[in-house]
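Structure first, commentary second.
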Amino acid sequence: MTAQLETAPHSTAFGALYAQVQQFYAHQMQLLDSAASQRWADTFTEDAVFDVPTLAEPVRGRPGLVAANRGAAARLAEAGERHRHFMGMFDVVERPDGALDVRSYTTVYASVIGGVSRVHRVCVCEDVLVRGADGRLLVATRKVTRDDLG
Amino acid sequence: MTAQLETAPHSTAFGALYAQVQQFYAHQMQLLDSAASQRWADTFTEDAVFDVPTLAEPVRGRPGLVAANRGAAARLAEAGERHRHFMGMFDVVERPDGALDVRSYTTVYASVIGGVSRVHRVCVCEDVLVRGADGRLLVATRKVTRDDLG
Amino acid sequence: MTAQLETAPHSTAFGALYAQVQQFYAHQMQLLDSAASQRWADTFTEDAVFDVPTLAEPVRGRPGLVAANRGAAARLAEAGERHRHFMGMFDVVERPDGALDVRSYTTVYASVIGGVSRVHRVCVCEDVLVRGADGRLLVATRKVTRDDLG
Chain A
1 MTAQLETAPH STAFGALYAQ VQQFYAHQMQ LLDSAASQRW ADTFTEDAVF DVPTLAEPVR
61 GRPGLVAANR GAAARLAEAG ERHRHFMGMF DVVERPDGAL DVRSYTTVYA SVIGGVSRVH
121 RVCVCEDVLV RGADGRLLVA TRKVTRDDLG
Chain B
1001 MTAQLETAPH STAFGALYAQ VQQFYAHQMQ LLDSAASQRW ADTFTEDAVF DVPTLAEPVR
1061 GRPGLVAANR GAAARLAEAG ERHRHFMGMF DVVERPDGAL DVRSYTTVYA SVIGGVSRVH
1121 RVCVCEDVLV RGADGRLLVA TRKVTRDDLG
Chain C
2001 MTAQLETAPH STAFGALYAQ VQQFYAHQMQ LLDSAASQRW ADTFTEDAVF DVPTLAEPVR
2061 GRPGLVAANR GAAARLAEAG ERHRHFMGMF DVVERPDGAL DVRSYTTVYA SVIGGVSRVH
2121 RVCVCEDVLV RGADGRLLVA TRKVTRDDLG
């Protein structure tokens, strides 16, 4: 939560970075909710650590992410529900090496198909984003906490 | 969902575009929720196609949009409720001709005046945005789907 | 809601400004929800006016803001709940003197620790932002209205 040097919040560089971060998350969450499992997993680094309350222990690496996404999609289909991950409130801090600390909020909505929609979870998401060889953003680590857990 | 050439996500041009898109939707939805019906309709092209689950068939053109917004406002007033359209997660892809494909999420909140607030609908919004003669963004087509419908 | 001259919505200057505004609110709301009371209060001007429905009358100045935030945090702890302020839909208009009129939406989520999460409040937030001596954004006035109130 310290000030950035290269990308101070009133610079055009920060504007470009902040837009890129928002676009990254929009695309990533839409892949998640569409069960585009492999493409979703490809938005993480090869050895990413994914630590979320719905998993008994952290997942490391893309094959585990693909399996987690497929499992969640299968359970939702069986339950006749759809989930949407709606992120926002991105607090973005750039490190000297260009990695990004991003702390944000995620609301997960659940809709019963043929029924009602509701708030399912309210979460805080703490990511470290890095850049791949082609300059794309990738999640290196993700830690999600749920407001309803102690 | 392919990469942009002119406005790659890490460019200042994409930063400017992404901010403009967000500002456009913020303003447009606030007009909608305020029942500023004509000003809201003017954020669409003259021959825009507006396809949403609450309407029996798609509306084409601004007079139909004005009527739809006035009808919705009247029904809400009668029911003693307020609705808010909260959009986010904008996945923005620029076409070679400058038109924008924007896929995003919308949560509609309903509040009973003197009562409680709740999630009313969770939707996916697929727009094509184009530019008017003055460079302003306008919705050319809008297709909304609801998570609770089959 | 009139057009900006210096920072038209398709300019890189507006892109930089819009990102800064979003980053400001993300950081400010995370301070609020974390009960970082003094740091939260420091995102307002010395003589800021803070007018929200949960307070019997408007608060003026940082000591009152600190007290309000501490009081809210204590009541939440006693109730065993967490609140999250999720803002979005920022309609940003720059005045000729550089002050910003920002009208946006805020959803407040409440989670019972060990229980369920729900929509608590749906609000409209009307701020005037100004710049401190170091160029940072600060809230000069905030007026919040709740959709469930008449």
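So the protein lines, in turn, are chains A, B and C. Residues in the first sequence are numbered consecutively from 1, following my numbering. Residues in the second sequence are numbered consecutively from 1001, following my numbering. Residues in the third sequence are numbered consecutively from 2001, following my numbering. For every residue, glycine included, the Cβ atom is placed at its ideal position computed from N, Cα and C.
Does DSSP put residue i in a helix, a strand or coil?
i	result
L76 of chain A	helix
G2088 of chain C	strand
L173 of chain A	A query on residue 173 of chain A cannot be resolved here, the shown segment of chain A reaching from 1 to 150 and no further.
V116 of chain A	coil
A979 of chain B	Absent from the structure is residue 979 of chain B, since the part of chain B shown begins at 1001 and ends at 1150.
A110 of chain A	strand
E1006 of chain B	Residue confidence is low: E1006 of chain B scores 49 on pLDDT, short of 50, so the model does not pin down where it sits. No coordinate-derived value is stated.
M2001 of chain C	With a pLDDT of 38 at M2001 of chain C, under the threshold of 50, the predicted position of this residue should be treated as unreliable, though the coordinate-derived value follows. Reduced to three states, the DSSP call for M2001 of chain C is coil.
Please classify residue i: is it buried, with 16 or more other beta-carbons within 10 angstroms of its beta-carbon, or exposed?
i	result
D1097 of chain B	exposed
S2037 of chain C	buried
T145 of chain A	exposed
T43 of chain A	buried
A2110 of chain C	buried
E94 of chain A	buried
D127 of chain A	buried
S104 of chain A	buried
L1100 of chain B	buried
G135 of chain A	exposed
S117 of chain A	buried
L149 of chain A	exposed
A74 of chain A	exposed
G2115 of chain C	exposed
R992 of chain B	Chain B is shown from 1001 up to 1150; residue 992 of chain B falls before or after that span and cannot be answered.
D1091 of chain B	buried
A1048 of chain B	buried
A2077 of chain C	exposed
Hey, out of the options, whose CA is closest to residue i's CA?
i	options	result
W2040 of chain C	C:L2017, C:V2124 and C:V2066	C:V2066
T2106 of chain C	C:A2073, C:K2143 and C:E2078	C:K2143
V52 of chain A	A:A72, A:G80 and A:G135	A:A72
H1120 of chain B	B:D1134, B:G1015 and B:R1082	B:R1082
L1129 of chain B	B:G1088, B:V1112 and B:V1102	B:V1102
C2125 of chain C	C:G2080, C:A2140 and C:D2047	C:A2140
L1180 of chain B	B:A1068, B:D1047 and B:P1063	The first residue shown for chain B is 1001 and the last is 1150, placing residue 1180 of chain B beyond what the model contains.
R1084 of chain B	C:L2076, C:V2122 and C:R2062	C:V2122
A1079 of chain B	B:L1138, B:H1027, B:A1099 and B:I1113	B:I1113
T2045 of chain C	C:D2147, C:G2132 and C:D2148	C:G2132
G88 of chain A	C:A2019, C:A2013 and C:D2047	C:A2019
M1029 of chain B	B:F1086, B:D1147, B:D1047 and B:S1011	B:F1086
L2137 of chain C	C:S2011, C:F2050, C:H2027 and C:G2064	C:H2027
D1147 of chain B	A:T12, A:F14, A:A16 and A:S34	A:S34
May I ask you to check if the CB of residue i is nearer than 7 angstroms to at least one heavy atom of the ligand ADP?
i	result
R2146 of chain C	Absence of the ligand ADP from the depicted structure is noted, as is the absence of any ligand whatsoever, leaving it without description.
May I have a chain-ordered list of the alpha helix (DSSP H) segments no shorter than 4 residues that lie completely inside the region 24 to 85 of chain A?
Within the region 24 to 85 of chain A, the alpha helix (DSSP H) runs of at least 4 residues that lie entirely inside it are, in chain order, 37 to 41 and 62 to 79.
The region 1022 to 1029 of chain B contacting the region 50 to 57 of chain A, beta-carbon criterion three pairs below 8 angstroms
With a cut-off of 8 angstroms, the region 50 to 57 of chain A and the region 1022 to 1029 of chain B do not count as touching, because too few Cβ pairs lie within range.
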